[in-house]
Structures are given as C-alpha cells and as structure tokens.
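Using the working numbering, read the sequence shown as starting at 120 and increasing by one per residue.
Built from N, CA and C at the ideal position, the CB exists for glycine as well.
All values derive from a computational prediction rather than experimental measurement.
A short worksheet on the structure shown next.
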Amino acid sequence: MKRQYLFSEREKEVVELLLQGKSNKQIALALGVSQSTVEYHLKNIYKKLRVNSRTEAVLRLGKSRGNDISSELGKSTVEMDSEPADNDGESISTRRIPMRRFTYVIGGLLVIAIGVMLVYLYSSSKSIGFTPTTQLEIKPIASTAFEYPTEAPIPSPTATSPNIPYIPPPTILPTFVSYPSIAFDRTRGELIMFGGTNPPQCDECSETWIWNGENWERSATRVKPIGRDSVGFVYDEARKQAVLFGSPGLYFQQNGSLLNDTWIWDGQNWVEKHPLVSPPARFSGQMGMVYDVARQVVVLFGGTIPNPENSRMTKVLNDTWLWNGENWTQANPSVSLPAPEGIPMAMGYDEARQNIVLLSSGTWIWNGENWREFYPAHSPSAGVQGVMAYDESRQQLVFIGRDVTSVSTKSQTWIWDGNDWIQVETKTDPIVDGGGAYLFYSPQYRGLLLFKIDANVKLGRFGYRLWYWTGNDWVNTYGE
C-alpha cells in the first residue's frame with residue numbers, strides 16, 4: 120500500500136524538484152525563494168518522512184510513489200554532487216555508485232585487509248621468536264551507510280539554541296499607526312502591514328508596508344481596500360496570497376452600514392474578490408481568522424455587529440466561515456462555542472495536532488468539522504488579551520498576552536501542549552502598552568518573532584519593537 124504524506128503546497132513543490140535531483144541552490148532559484156527557506160522546508164519534509172538526509176528522503180518518496188527511484192531520477196540512488204562551475208544551472212554528477220554494491224565492496228576490502236594484517240603479524244612473531252605479552256584486540260568495524268554531506272544535521276525539536284540571530288535594525292520604519300492588520304507571507308518571507316489608526320493624520324489609514332526581514336518598504340499600489348484598523352488578515356498558503364476581511368468602523372459612522380468585502384494581497388497588488396457567498400458584514404472585534412494548513416482553508420470565527428436592540432451597543436457573533444480562495448462557505452458544526460461576550464479572544468493553528476486552538480472564556484479546538492471544548496488544568500485567565508502562533512522550531516503553540524482587566528501590566532507567556540497550558544515565567548515584558556501586536560514564525564531567523572506596536576498616550580511613547588522568543592524568554596532585537 121502506498122504511503123500518503125501530508126505536505127503543504129510549497130513542500131510539494133520542493134519534493135518535485137528534490138526528485139529531479141536539484142540542489143538547494145537550484146530549488147531556491149526555481150521557486151524564487153532564499154536557500155534558507157528551502158532548508159526550512161526540507162527540514163519539515165525530513166521530519167514528516169522521519170528521515171535524516173536527502174538520500175533517505177528520496178528513497179522514501181520513491182517507495183511511497185511505487186516507482187524505481189533510480190530510473191525516475193535518471194541516476195543512482197547514491198550520488199555525490201558538486202555545485203556547477205558552468206553548466207546552465209545544472210548539477211554535475213561526479214560519481215555514481217549503487218549503495219548495496221558499494222557496501223559489499225568496502226566490507227570485502229576491509230575483511231581482506233584485516234586478514235593480511237593478521238597473517239603478517241603471526242609470521243613476523245614466528246620468525247623472530249617473539250611472544251606477545253598482550254593479545255591483539257580486533258574491534259568490529261561499524262557498518263555505516265554512505266552519505267554525501269549536503270545537508271546540515273537537523274536539530275532536536277525541543278533544543279533551544281543559545282545563539283540569538285542578528286536581526287538588523289531597519290533604516291526605514293513605517294508611518295506610525297496603532298492596531299494595523301498584519302499577516303506573514305510565508306512564500307516570500309515578508310511581513311505585510313496594512314491600515315491602522317493614527318488620528319488626526321488618519322482615523323483609519325490605508326497604507327501598505329512590507330518588511331523583508333531587514334527593512335521596511337511602502338507599497339505604491341493605487342488600488343487598495345478602504346482604510347481600516349485591526350481587521351482579519353491572514354496568509355493563505357495554498358494560494359500564496361493574504362486574505363483581508365472585516366468592516367472599517369469609520370465607514371459605519373459615515374454611512375450607517377457595514378462592509379463585507381474580501382480583498383487579497385498577492386505580493387505586489389491588492390485585488391478585490393467578488394465571491395458568490397460572503398459572511399454577513401461585521402466589525403473585527405471578537406473575531407478571529409486563521410489558516411488551516413491541513414485542510415487548506417481560511418477559518419473565520421465570530422465578530423461583532425451593531426446591536427439592533429441598542430444602537431450604542433454591539434452584539435457578538437459565534438458563526439464559523441471557511442474561505443477556499445474563491446468563495447466563503449458557512450460551516451454548520453453540531454457543537455459550537457458560545458459568543459465570547461466582552462471576553463478577549465485569540466486563535467492559532469497547532470501544526471503538531473493539525474487543529475485550530477481558540478482561547479477565550481475557555482479552550483476550544485476546531486478539527487475541521489466541529490468545535491470541542493477542552494478542560495485543561497491550567498490556562499490564562501479570561502481577561503488576558505494577546506496573540507498566538509506556532510513555534511516550528513520547538514513544535515509548540517505559544518500564546519503571549521496581558522490581563523486587560525487587572526491593574527498589573529505584566530505580560531504572560533503560555534505554551535499549549537495539546538492537553539494543558541504551561542506558563543513560562545519570563546524576565547522580560549514585551550507587552551506593556553496598547554497599540555497591537557503580531558506573533559509569527561520566521562523561517563529566515565528560525566524562531567518566533569513578536570512585532571509590537573507601542574502606543575502609550577499618557578507616557579508619550581510611540582514606536583515599533585521586534586522581540587525574539589528563545590524558548591524561555593523574550594529578547595528585544597530593535598526598538599526602545
């Protein structure tokens with residue numbers, strides 16, 4: 120029976136090029152990404168295949184497809200490759216040796232060599248009348264499979280690197296705004312920031328800024344959504360585009376109605392989508408949007424609308440919607456969580472367990488069809504407002520937030536292990552002021568990054584800061 124492996128769209132592309140015998144450099148050029156991004160995807164592929172090298176991965180993938188991998192690649196299953204000097208980007212095969220024959224030949228030569236050495240020692244001792252005082256110990260030689268050194272060793276998922284990567288402070292920063300909508304483009308390795316608020320310059324701004332891992336650049340695209348702050352914005356990995364949904368509050372104040380428009384960012388431009396079905400218009404308060412990697416859909420939960428019974432109040436929704444790249448579909452779970460009235464909410468995708476975790480008045484899990492409530496022994500209090508993201512280096516879902524109902528401003532960091540929330544006592548305190556925050560995993564820096572917007576009117580403190588998660592504490596990489 121053929122094995123089925125659950126790969127993301129990008130990983131499938133890497134696998135196809137891997138099976139064509141492409142080097143990391145050639146894969147990076149073909150996909151238009153950096154070599155570090157290719158190494159990151161290869162690490163995930165090795166992890167899912169439970170192998171430690173490129174050779175083992177190719178063999179495993181060949182068996183899963185039921186093909187003769189030697190004929191598929193047009194080369195031997197064991198091969199030494201050198202980087203091309205000048206061959207139009209093609210790798211030059213310098214040696215092809217079948218693995219089994221190679222092992223037999225080396226083993227046979229070793230046995231012959233040991234036998235010759237023993238005969239020589241024995242005859243020498245006889246000829247000179249030498250009586251050895253110690254017995255010659257012949258240790259068995261461990262048999263090791265031949266492996267060419269093209270990949271760095273894969274670190275343990277739980278290992279914490281003592282080295283903190285250098286992240287250069289940007290020479291250009293975005294125009295300051297509070298509560299922008301932010302998403303991380305995994306394909307291009309870019310952080311996308313749209314909108315926000317900064318009165319009196321703009322109550323709801325509409326600028327788009329891109330961070331490439333080193334510096335910020337403002338997009339000059341003319342077509343863009345109406346300005347809005349803190350709406351749903353998430354990267355759709357299958358379709359390689361970021362999806363934005365959620366009505367701007369200022370539009371409601373000026374027009375007395377809400378918007379339910381859907382926009383995508385394709386890496387260069389904004390494009391408005393016109394789905395046949397859309398969720399009812401709503402504000403993004405008490406709303407969460409997360410990309411479901413296993414099912415390749417964007418999941419939207421909740422939101423708020425004006426309360427029809429009291430125009431000064433809002434009503435919190437608890438419906439679930441799925442975006443497939445063209446249309447929205449309302450999910451009809453047999454079990455759903457109650458609307459999180461007045462309670463902060465955070466959502467994140469747990470890659471290890473392939474489900475979505477929602478933290479509000481309790482802990483809820485979305486498995487693609489239904490919501491299920493968990494009852495962990497420990498959890499953040501209901502008043503903690505924060506952000507959540509999956510740490511791929513340590514295979515942990517991390518939540519960081521601050522209790523907005525308490526006079527204490529100390530931020531809290533928690534880790535979800537699938538059954539319980541574990542609090543990590545940190546020395547630093549990244550979330551002190553309001554203004555918004557976004558947590559994401561960076562393949563470039565191989566760790567979780569917290570992009571924090573500081574907006575403290577009372578102290579006159581405004582600015583951007585970037586924090587790096589070491590596994591037990593937060594380190595400020597830039598910003599005061």
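So what does residue i bridge to, in DSSP terms?
i, result
"Gln504", "Arg521"
"Gly368", "Bridge partners of Gly368: none, in fact."
"Pro301", "A small fix is needed here, since residue 301 is Ile in this sequence, not Pro. Answer is Met312, bridged to Ile301."
"Lys571", "Ala556 and Arg584"
"Phe402", "Thr423"
"Gln531", "Gly520"
"Lys343", "In the DSSP output, where bridge partners are listed per residue, Lys343 has none listed."
"Gln360", "Asp355"
"Phe324", "Residue identity check: residue 324 is Cys in the sequence provided, not Phe. According to DSSP, which records beta bridges pairwise, Cys324 is partnered with nothing at all."
"Gln373", "In DSSP, Gln373 forms no bridge with anything."
"Met408", "Leu419"
"Asn317", "Cys321"
"Tyr509", "Leu516"
"Glu391", "Trp382"
"Ile484", "Val476 and Arg491"
"Asn429", "Asn426"
"Ile329", "Ile311 and Glu336"
"Ser561", "Gly566"
So residue i and residue j are supposed to be a Cβ contact under 8 Å. How far apart are they, rounded?
i, j, result
"Thr340", "Asn388", "5 Å"
"Trp485", "Val454", "At roughly 10 Å, the Cβ-Cβ gap does not stay under 8 Å, so Trp485 and Val454 are not in contact."
"Asp536", "Tyr468", "Between Tyr468 and Asp536 the Cβ distance is about 15 Å, and since that is not below 8 Å, they are no contact."
"Gly481", "Leu419", "Incorrect: roughly 20 Å between the Cβ atoms, too far for contact."
"Leu456", "Trp483", "5 Å"
"Pro499", "Trp442", "The Cβ separation is near 28 Å, so there is no contact."
"Leu310", "Phe493", "Rounded, the Cβ-Cβ distance is 31 Å, inconsistent with contact."
"Pro425", "Asp380", "Their Cβ separation, rounded to whole angstroms, is 18 Å, which puts Pro425 and Asp380 out of contact at 8 Å."
"Pro562", "Tyr159", "4 Å"
"Gln504", "Val476", "Wrong, their Cβ atoms sit about 16 Å apart, outside the cutoff."
"Ser297", "Ile572", "6 Å"
What does the Cβ neighbour count give for residue i, buried or exposed, with the cut at 16 atoms within 10 Å?
i, result
"Pro463", "buried"
"Pro288", "exposed"
"Leu125", "exposed"
"Val396", "exposed"
"Tyr509", "buried"
"Gly314", "buried"
"Val342", "exposed"
"Val417", "buried"
"Ser376", "exposed"
"Ile231", "exposed"
"Gln405", "buried"
"Asn451", "exposed"
"Glu356", "buried"
"Gln320", "exposed"
"Leu229", "exposed"
"Gly386", "exposed"
"Met432", "exposed"
Only counting the same chain, and skipping five residues up and downstream in sequence, which positions put a Cβ closer than 6 Å to that of residue i?
i, result
"Lys546", "Asp592"
"Glu336", "Ile329"
"Gly365", "Val350, Gly351 and Ser403"
"Trp382", "Pro344, Leu363, Trp389 and Glu391"
"Ser262", "Unreliable placement is indicated for Ser262, whose pLDDT of 32 sits below 50; the coordinate value is still reported in the next sentence. Nothing meets the Cβ criterion."
"Thr532", "Ile519, Val543 and Thr545"
"Arg179", "Leu168 and Val170"
"Glu333", "Pro287"
Output the boundary residues of the beta strand (DSSP E) element that contains residue i.
i, result
"Ile164", "It is not in any beta strand (DSSP E) - Ile164 instead sits in the alpha helix (DSSP H) that spans Gln154 to Leu168."
"Leu419", "Val416 to Asn426"
"Lys131", "Element bounds for Lys131: not the beta strand (DSSP E) but the alpha helix (DSSP H), Glu128 to Leu138."
"Tyr597", "Trp593 to Tyr597"
"Glu445", "Note, Glu445: premise wrong, no beta strand (DSSP E); not H, not E."
"Asp469", "Ala465 to Asp469"
"Val476", "Asn474 to Leu478"
"Ile541", "Trp540 to Val543"
"Arg491", "Trp490 to Phe493"
"Arg337", "Trp335 to Arg337"
Near residue i, what residues of its chain come up, given a Cβ to Cβ distance below 7 Å and the 5 sequence neighbours on each side ignored?
i, result
"Asn446", "Pro394, Leu395 and Val396"
"Ala496", "Asp539"
"Cys324", "Val296, Gly314, Gly315, Thr316, Asn317 and Gly346"
"Leu150", "Glu132"
"Pro427", "none"
"Ala574", "Ser297, Asp552, Gly553, Gly554 and Phe581"
Check for me: the alpha helix (DSSP H) holding residue i runs from which residue to which?
i, result
"Ile550", "That residue, Ile550, is in no alpha helix (DSSP H); it is neither H nor E in DSSP."
"Gln145", "Asn143 to Leu150"
For residue i, which residues of its own chain have a beta-carbon under 8 Å away from its beta-carbon, when the five flanking residues on both sides are left out?
i, result
"Ile164", "Phe126, Glu130, Val133, Val134, Leu137 and Ala176"
"Asn437", "Phe420, Gly421, Ser455, Leu456, Pro457, Ala458 and Pro459"
"Asp207", "Because the pLDDT at Asp207 is just 39, under 50, the model does not fix this residue reliably, and the point stays unresolved."
"Gly502", "Ile462, Pro463, Asp522, Val523, Thr524 and Ser525"
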